[in-house]
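Q: Once you've had a glance at the structure underneath, I'll fire off some questions.
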Amino acid sequence: MLNRREFLLSLLGGGALLGAGYRPPEIPDEEQVSLRSEAPRSLGAPFRVVGIGGAGCNIVHDIARSKRQDVQVIAVNTDAMALELLTADEKVLIGRTLMNGRGSRGNPELGRQAALRDLETIAPLLKGAETIVVVAGLGGGTGSGAISPIVRLARTMGAFAPVVVTRPFSFEGERRAKAASQAIDKLEQHARAALVIPCDGVMEMTSEARRPISAALDAADKMVLHAVKVIQEASLGGHTGVGLEDMKALFSGDLGGVVMGLGSGDGPNRAKYAALTASFSPLLDRCFGIRGARAVYVHVEGGEDIKVQEVQDAVKMIAANVSPEALVRFGVSHDPALGTSIAVTVLATGFPGRRQAAAKELENVRYEEEPWSEKV
Ligand SMILES: Nc1nc2c(ncn2[C@@H]2O[C@H](COP(=O)(O)OP(=O)(O)OP(=O)(O)O)[C@@H](O)[C@H]2O)c(=O)[nH]1
Ligand SMILES: [Mg+2]
168 MLNRREFLLS
178 LLGGGALLGA
188 GYRPPEIPDE
198 EQVSLRSEAP
208 RSLGAPFRVV
218 GIGGAGCNIV
228 HDIARSKRQD
238 VQVIAVNTDA
248 MALELLTADE
258 KVLIGRTLMN
268 GRGSRGNPEL
278 GRQAALRDLE
288 TIAPLLKGAE
298 TIVVVAGLGG
308 GTGSGAISPI
318 VRLARTMGAF
328 APVVVTRPFS
338 FEGERRAKAA
348 SQAIDKLEQH
358 ARAALVIPCD
368 GVMEMTSEAR
378 RPISAALDAA
388 DKMVLHAVKV
398 IQEASLGGHT
408 GVGLEDMKAL
418 FSGDLGGVVM
428 GLGSGDGPNR
438 AKYAALTASF
448 SPLLDRCFGI
458 RGARAVYVHV
468 EGGEDIKVQE
478 VQDAVKMIAA
488 NVSPEALVRF
498 GVSHDPALGT
508 SIAVTVLATG
518 FPGRRQAAAK
528 ELENVRYEEE
538 PWSEKV
């Protein structure tokens, strides 16, 4: 859907690249960009989601189509055609003067410059929001490049701005993997923690033999949507005591990046089973799961028949798998669609040493010269 065709073509080496000799013009310093203060009348919800690039826009399109009254969505892209085809409360074409609405063609520097040039257009759309979740698929140019300046903008405007992004499938190649890692590093330097969902893990969770790739992308969309829903429900709190401040602490970046695990269970030990499978979800580190995490949020979902004992079982099971001193918070939500089963989502942060290990691993990977360094 939307520009997926273009994305798939780009994996096959298709898609036009910017002409040789192209030089993006000088851009103003990030700090000097002044912000307009008028908010458009159509946007007033305290909870908003900004989707950046093709994947991010697909995700906000799904939210807009679900017609939820409590969320407003803003789609941001360098690709005019993709924007035209989707549904959103507001759409912003960034970098028109740089790319003429034709997308960044995998160049994160262009994505970044596009965002910086159009922060003034985006700012009024963020005004008045309490929470702005920023979502994107990392690995391309627009999402990877534009996300840091936009998250910084949201934070500058006083909003809580958690980030949910996907890491590309390994089959997409090293160039996309590297673009994603660099974007995550930038986010962590400037914009606190990001919840990173690895597409490989999504495929492992959902794959059946010979599924089309569009099904894997749909599954990745669903994971991001789920993370957004959990962040929203937890931020709203309710009777369990968890709330916005807990989410802010989890995403503060003080303990590094955030990971998510999902599990479900049915039958007599459904809560324990759901928590156990969430602790070792393929979305988490293959070897460690959530072991060693220093802060976790456990989100337990079920029908109206969910029992206190079951919530306790799930939380205890998660707590047994993290650091003994870990801060463990939990929330409960009801979803009749789950029928007799229970779903557990765990958001975890604070894994000492893992970041360094990942960086070391990356050092050993040999990358080809990025094509855009010659083209731009
Ligand atoms: N969840 C999800 N992920 C996608 C989709 N399409 C692509 N991706 C993933 O997101 C990454 C970035 O792709 P896009 O979002 O198309 O790239 P972009 O940010 O628009 O960047 P450019 O098109 O290069 O300007 C890809 O490498 C894939 O891993 C999608 O429809 N849904
Ligand atoms: Mg794109």
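Residue numbering for the sequence shown follows our numbering, beginning at 168 and increasing consecutively.
The beta carbon of each residue, even a glycine, is placed where N, CA and C say it ideally should be.
For clarity, every value in this text was computed on a predicted model and none was experimentally measured.
Counting pairs of beta carbons, one from the region 257-274 and one from the region 294-303, are three or more of them closer than 8 Å?
A: Not touching, per the Cβ criterion.
Q: When you compare only the Cα positions, how much space is there between Ser-448 and Arg-342?
A: On the sequence shown, residue 448 is found 281 positions in, with the first residue counted as 1. On the sequence shown, residue 342 is found 175 positions in, with the first residue counted as 1. Going from the Cα of Ser-448 to the Cα of Arg-342 covers about 26 Å.
Q: At the level of alpha carbons, what is the spacing between Phe-497 and Lys-439?
A: To locate residue 497, count along the sequence shown from 1; it is residue 330. To locate residue 439, count along the sequence shown from 1; it is residue 272. For Phe-497 and Lys-439, the distance between alpha carbons rounds to 15 Å.
Q: Can the beta-carbon of Val-240 be found less than 8 Å from the beta-carbon of Gly-211?
A: Counting from 1 along the sequence shown, the entry for residue 240 is found at position 73. Counting from 1 along the sequence shown, the entry for residue 211 is found at position 44. Not closer than 8 Å, so no.
Q: Under three-state DSSP, which class holds Ser-500?
A: Reading the sequence shown from its first residue, position 333 is the one you call residue 500. Ser-500: strand per DSSP, three-state reduction.
Q: By the three-class DSSP mapping on this structure, what secondary structure does Thr-254 have?
A: Counting from 1 along the sequence shown, the entry for residue 254 is found at position 87. Thr-254: coil per DSSP, three-state reduction.
Q: Helix, strand or coil, according to DSSP, for Ser-233 in the structure here?
A: Here residue 233 refers to the residue found at position 66 when the sequence shown is read from its first residue. Residue state, collapsed to three classes: coil.
Q: Taking Arg-215 as the reference, which of Gly-307, Ile-289, Arg-269 has the closest Cα?
A: Within the sequence shown, numbered from 1, the residue matching residue 215 stands at position 48. For the residues Gly-307, Ile-289, Arg-269, the minimum Cα distance to Arg-215 belongs to Ile-289.
Q: Please state the DSSP three-state secondary structure of Leu-124.
A: With the chain represented from 168 up to 543, any question about residue 124 goes unanswered, as that position is not in the structure.
Q: Ligand 2 heavy atoms versus the CB of Thr-264: any closer than 7 Å?
A: Here residue 264 refers to the residue found at position 97 when the sequence shown is read from its first residue. No - ligand 2 has no heavy atom lying nearer than 7 Å to the Cβ of Thr-264.
Q: Let me know the alpha helix (DSSP H) ranges lying completely inside the region 441-497, each 4 residues or longer, listed in chain order.
A: Listed in chain order, the complete alpha helix (DSSP H) runs (minimum 4 residues) inside the region 441-497 are 475-487.
Q: Any chance the CB of Thr-373 is under 7 Å from a heavy atom of ligand 1?
A: Here residue 373 is taken as the residue at index 206 of the sequence shown, counted from 1. No, Cβ of Thr-373 sits at least 7 Å from all heavy atoms of ligand 1.
Q: Sorted by chain position, which residues of the same chain lie with C-beta nearer than 6 Å to Ala-515's C-beta, five sequence neighbours on each side aside?
A: On the sequence shown, residue 515 is found 348 positions in, with the first residue counted as 1. If we look at Ala-515 and ignore the five residues flanking it on each side, its Cβ neighbours are Val-426, Ile-457, Ala-460, Val-463.
Q: Between which residues of its own chain and Thr-548 is the CB-CB distance below 6 Å, once the five residues before and five after are set aside?
A: Because the chain spans 168 through 543 in this model, residue 548 falls outside it and cannot be assessed.
Q: As an exercise, report each continuous alpha helix (DSSP H) stretch of at least 4 residues that is fully enclosed by the region 364-413, in chain order.
A: List check, alpha helix (DSSP H) in window: 366-373, 380-403.
Q: Mark Arg-378 as exposed unless 16 or more other C-beta atoms lie within 10 angstroms of its C-beta, in which case mark it buried.
A: Within the sequence shown, the letter at position 211 stands for residue 378. Exposed, by the Cβ-count rule.
Q: Across the region 328-348 and the region 389-398, are there enough close Cβ pairs to call them in contact, namely three or more that are closer than 8 Å?
A: Yes: at least three Cβ pairs fall under 8 Å.
Q: Taking the alpha-carbon of Glu-156 as reference, which of Leu-305, Ala-231, Ser-446 has the nearest alpha-carbon?
A: In this structure the chain extends from 168 to 543, so residue 156 is not present and cannot be described.
Q: Give a yes or no on whether the C-beta atoms belonging to Ser-315 and Leu-354 are separated by under 8 Å.
A: Residue mapping note: residue 315 aligns to position 148 of the sequence shown, counting from 1. Residue mapping note: residue 354 aligns to position 187 of the sequence shown, counting from 1. Against a cut-off of 8 Å, the Cβ pair of Leu-354 and Ser-315 comes out as a contact.
Q: Apart from the five residues on each side of it in sequence, which residues of its chain come closer than 7 Å, Cβ to Cβ, to Ile-194?
A: The residue given as residue 194 occupies position 27 in the sequence shown. Note on Ile-194: pLDDT 42, under 50, position unreliable in the model; no value is reported.
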